[in-house]
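See below for the structure under consideration.
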Amino acid sequence: MNASMSGEETRSGLIGSRLEGLRAQLLGCGDVLSNLVEPAERPLVTDALRKLKQLTCRVAIVGQIKSGKSSFINAFVQDPGFLPTSVTPWTTAVTNLHFRQTPPGAHAAIFTFLQQNEWSSLAESGGRVRELTERLVPGFEPQLLQRQADQLRERAQQRLGVEFELLLGQAHAFESFDASILLQYLCSGDFAGHAGAAAIGKYSDLTKSADLYCDHGPFAFPVTVIDTPGTNDPFLIRDEITRRSLGSADVHLVVLTARQPLSDTDVSLLRIMRGLNNDRIVVLINRIDDLADVETELPKVIAYVRQRLDAEFPGTGIPVVHGSAWWGNQAIAFEAEAVARILARRSASHLLRAGLLHPSELTPAALSNSDCRERIRHSLWAMSGLPSVYKAIDMAMGAARPAFALRQITHAFAEMARVCEGSARSELEALSDAAKRSSDLPQDAEERFARISAESEQLARVTANIDASATGIETQLARIIHEEREALRRHLMATIDLHAARERDVLIDTLSRGRAPQVWTHEGVELRRALAGAFHEGFRNAAERLTSFHARVAPELHKLTASLMPDSALSDPHGPTLSIAEPTIAPLSRLVALDLDTSRWRLFWSRQPSPEASGARIEALIRAEFSPVADELVQLAENAFHEFSATTITWSFGACRNIQHALRRRLEFLRAEYEETRRAAVSPESAQRATETAERLRAQDQRVKDNQTLTRHLEHLIQYMDKVLHEEAPRP
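The sequence shown: position 230 = 466 (the numbering used here), numbered continuously.
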């Protein structure tokens, strides 16, 4: 991080501070809990701690070529020279920038190359586009796509020579990296056209993804920033790689340019956005410094973008921020020549809105004064949009997958801590009772032994009941997930069928008017939106059923275990119901377009025997294209349901088993005390035994206090997450 940006505005802008604070506290709680649970249940805690340590938030940066995306990323991570910006387009592959994460094998940079089958599918015009054209027009060859694919492969072979075949599917790793290495693997410039820089772009056509591990950035929580290729990349394999990377992201930041916001190229960006959860999207209008009259033009640009977003996502409030990556980078680097150019432009008047500058200071002469330079720097940072971006992403992270994972682990820890506390109290009572009865007569000891035997039999019966309950609950849970999965699929397919039938009727009506359409384009905009709504509704219904089932199961298990400790202070598990994180719906961003704007398309339609047959054909095509999309959505939902059940139900049974182990140990202790009492009838109690008993009581009393402190702390964290972090997160 540049030393000039170590001021208050940077410290206060750390992204993910709240999540990192929760994660750090949970790691500490887990370490304590692992020493309090029974040994048999310790692996549950160990696994949860492993997940906590590996937890990251993935922030995808999306934008078309020349939107200033790379410059924005440099300003965003507070390193102006991090990604080269002199070459456009800069990146040809997905680049993962890992912050606050330990690199694997001490490798700071790993570049993964395309595999043979990925090249083959591209060069042979494979994939969904080819399947679509073959079904519509047998023998139709997308020659343009073929030429592009051949050119890309030929260029890679020319650059690499004999290395090409050897590198397919391989990876290169470096212990450190700099701009020269990035230019070799990610720059899409002309490899042969840079005199004195022969390595530029050498591996770029072969690079599928890059993983860079960084030790700077404005992040408190582990974050992976995903830099994707421009959304108007002509090569479909890049578009598919981009789509897959977006599907795994937790938060999405879309970079637009103020000069042409939501242009025709940006429409494709909106299509990708339709496949993302809109409660985790932030839109940045970049390059406002390019506007001649910022005060007049910017409000119009913002209004236009909001209008288009409202049309795409009715009833939602996607955050829209504006700024200049150039201003942000110069606030960090503060290069006198570049700042002088900023101040000389008409857009510099917008810097006055920060309230930090006087109009007389918007001159190159102001740079000679140290106080003026500092005020200019602060104004550049304030108006760059970065503070607003940080805040918007931090808020979006509260509704993202990491926050849900933290919440579930907190509840699981709290449930286990409560039962550990109850077991510890019960064991302390048993120790105290045994100490009081150490001088019992043999006949009294026999009565105690009979009571211990009865408790042992009761423990065996309850254990059998819990095991039977576990089998029954797991069966019910599997049935619920299966039923909800099928219900969701039926809901999605019904939506597709309804839309396909409507499109069929529209086409039949058009053809029935006596002429074939010159242009007939179907991109499925309305269907995508309808599928998104159907998925949200179906997922919420299924999630509510699963969480309600868990809420019913927890008290039943509580009753079973509490029956073994009727006098303990075991807490009732009733509380706020857990929720299930809704997965990103990236399959809806898949390219599905039926475009009849060519002579071949018109020839195809002219061969159809009737409007009804044409209508039936388009109806079948829509169903065939969108059915796999529905299947992918259903699979994503099912994965989320299984993950939730594994985290919650598994821990509930783990808590039950923890009590069983504790009770079994208590009964074994009481049996030992009985035997000791019998021996005491012949041999007087020794001072050593009294000392050991007192030490046991002291240690167990401390164990109860440790459990109580842990339980209260975890309950406090639950309240914070349920009432503060959860409420502050954006809602769809």
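Glycine included, every Cβ here is placed at the ideal spot set by N, Cα and C. Every value quoted in this text rests on a predicted model; they were computed, and no experiment measured them.
Residue i: which of the options sits nearest, CA to CA?
i	options	result
Ala660	Leu622, Arg901, His735	Arg901
Ile858	Leu734, Ser748, Ala456	Leu734
Ala636	Leu250, Thr292, Thr927, Leu269	Thr292
Ile297	Leu388, Gln290, Asn310	Asn310
Glu951	Glu256, Cys265, Arg853, Val519	Cys265
Glu548	Ala494, Glu762, Asn353	Glu762
Phe649	Asn943, Ser303, Lys305	Asn943
Thr947	His878, Arg654, Thr929	Arg654
Ala409	Gly397, Glu401, Phe349	Phe349
Arg581	Asp525, Thr321, Ser445, Gln261	Asp525
Arg939	Ser253, Leu250, Leu258, Val273	Val273
Thr945	Ala898, Gly658, Ala926, Cys423	Gly658
Gln871	Met652, Glu722, Val541	Glu722
Val789	Gln566, Thr711, Lys959, Val268	Thr711
Ser606	Glu792, Leu587, Arg577, Phe570	Phe570
By Cβ distance below 7 Å, which residues in the same chain neighbour residue i in space, the five residues on each side in sequence not counted?
i	result
Arg781	Ile716, Glu720
Gln351	Leu404, Gly405
Arg544	Leu498
Arg516	Asp486, Val487, His488, Ala632, Ala635, Ala636
Leu579	Leu598, Thr599, Pro600
Phe771	Leu728, Ile821, Leu869
Phe889	Ala706
Ala628	Val518, Pro555, Val557
Leu255	Phe457, Met633, Pro638, Ala639, Leu642
Leu280	Trp887, Gly890
Gly243	Because Gly243 carries a pLDDT of 43, less than 50, the predicted location of this residue cannot be relied on, and the following value inherits that uncertainty. Nothing meets the Cβ criterion.
Gly375	Any reading at Gly375 must be qualified, since the residue scores a pLDDT of 40, below 50, and its modelled position is unreliable; the value itself is stated next. Excluding positions up to five away in sequence, the list is empty.
His647	Leu814, Ile954
Identify, in the order they occur along the chain, each residue of the same chain with its Cβ nearer than 8 Å to the Cβ of residue i, setting aside the five sequence neighbours on each side.
i	result
Lys287	Ala641, Ile645
Gly432	Annotation note: pLDDT 47 at Gly432 (below 50); position unreliable, coordinate value reported separately. Result list for Gly432: empty, nothing under 8 Å.
Ser863	Met729, Ile732
Pro320	Ser306, Trp326, Ala415, Leu418, Leu419, Cys423
So, at 6 Å on beta carbons, what are the nonlocal neighbours of residue i in its own chain, with the 5 sequence-adjacent residues on each side left out?
i	result
Phe335	Cys450, Gly453, Phe455, Val459
Asp447	Asn332, Ile346
Gly564	Ala311, Ser620, Leu622
Thr884	His786
Ala590	Ser615, Ala618, Met619
Leu592	Arg611, His614, Ser615
Leu713	Ser881
Thr204	Given that the chain is displayed from residue 237 to residue 968, the structure contains no residue 204 and the question cannot be resolved.
Is the Cβ-Cβ distance between residue i and residue j less than 8 Å?
i	j	result
Ile417	Asn332	no
Leu520	Ser583	no
Asp523	Asp441	Sequence inspection shows Arg at residue 523; the Asp mentioned does not correspond to that position. No, these two residues do not count as a Cβ contact at 8 Å.
Ile568	Gln337	no
Gln896	Leu667	no
Glu855	Ala778	no
Val491	Lys289	no
Gln725	Ala852	Note that residue 725 is Arg in the sequence shown here, rather than Gln. Result no, Cβ atoms of Arg725 and Ala852 do not sit closer than 8 Å.
Met957	Leu258	yes
Residue i lies in the beta strand (DSSP E); which residues open and close that run?
i	result
Thr331	330-335
Arg613	Unbroken run through Arg613 is the alpha helix (DSSP H), 606-619; no beta strand (DSSP E).
Ala407	407-410
Ile821	Ile821 -> no beta strand (DSSP E), and no H or E assigned at all.
Ile297	293-299
Val556	556-558
Using DSSP's beta-bridge definition, name the partner residues of residue i.
i	result
Leu492	Ile521
Thr443	Phe349
Phe455	Ile251
Leu482	In DSSP, Leu482 forms no bridge with anything.
Cys892	For Cys892, which the question treats as bridged, DSSP gives no partner whatsoever.
Tyr449	His334
Thr460	Arg294, His334
Val487	Val295
If you follow the alpha helix (DSSP H) that residue i is in, where does it begin and where does it stop?
i	result
Phe312	305-312
Ser624	622-633
Asn271	Run containing Asn271: none; DSSP gives neither H nor E here.
Pro279	278-290
Leu579	572-580
Thr532	530-548
Glu400	The question names Glu, but residue 400 in the sequence shown is Phe. First-last of the alpha helix (DSSP H) with Phe400: 399-403.
Ala584	It is not in any alpha helix (DSSP H) - Ala584 carries neither H nor E in the DSSP assignment.
Ala569	561-569
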